[in-house]
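Per my numbering, the very first residue in the sequence shown carries number 122; after that it's consecutive.
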Amino acid sequence: QLHLFESGGGLVQAVGSLRLSCAASGRTFATYTVAWFRQAPGKEREFVAAISGRGSREYYADFLKGRFNISRDNTKNMAYLRMTNLQPEDTAVYYCGVQLGSDTFGSWGQGTQVTVSS
């Protein structure tokens, strides 16, 4: 079973940048599409970005407008989310997960808090 652990969150001022990391255990990491989701207080968890197993395809939520970039390094069992031009509305707990079915993601980590001050 795959286990994921997110890190890299923190407090940043508006228009600043952060890079989140997702560390995976398990030898099958490269076979999974990895995604980042986020959940703000009082809101449902929402999709942010995803990357295919070999990294050849990337998918982004429309609201990002090119501010975030997802990547992965299968040799290290790592995935990343580079976030730029952060805004207060990006404040949320960010989770990484893997695609388990056509519309299902799981194996969530504990999340990492991102707080953007204005």
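For each residue, glycine too, the CB sits at the ideal point set by N, CA and C. Just so we're clear, the structure is a prediction, and the values are computed from it rather than from any experiment.
Per DSSP, what kind of secondary structure is leucine 207 in: helix, strand or coil? Reduced to three states, the DSSP call for leucine 207 is coil.
Any idea which residues DSSP pairs asparagine 190 with across the strands? Note: asparagine 190 sits in a beta bridge opposite Arg203.
Taking only runs that begin and end inside the stretch 122 to 168, name each unbroken beta strand (DSSP E) of 3 or more residues, in chain order. 124 to 128, 131 to 134, 139 to 146 and 155 to 160
Counting only the same chain and skipping the five closest in sequence on each side, list residues whose C-beta sits under 7 Å from that of phenylalanine 150. Leu123, Asn195 and Asn198
Report the rounded CA-to-CA distance for glycine 222 versus valine 133, giving the unit in angstroms. 34 Å
For a quick check, are the C-beta atoms of valine 219 and glycine 130 less than 8 Å apart? no
Do you know how far the Cα of valine 136 is from the Cα of proline 209? In this structure, the alpha-carbon of proline 209 lies about 9 Å from that of valine 136.
Euclidean distance between Cα positions of cysteine 143 and glycine 163: 24 Å
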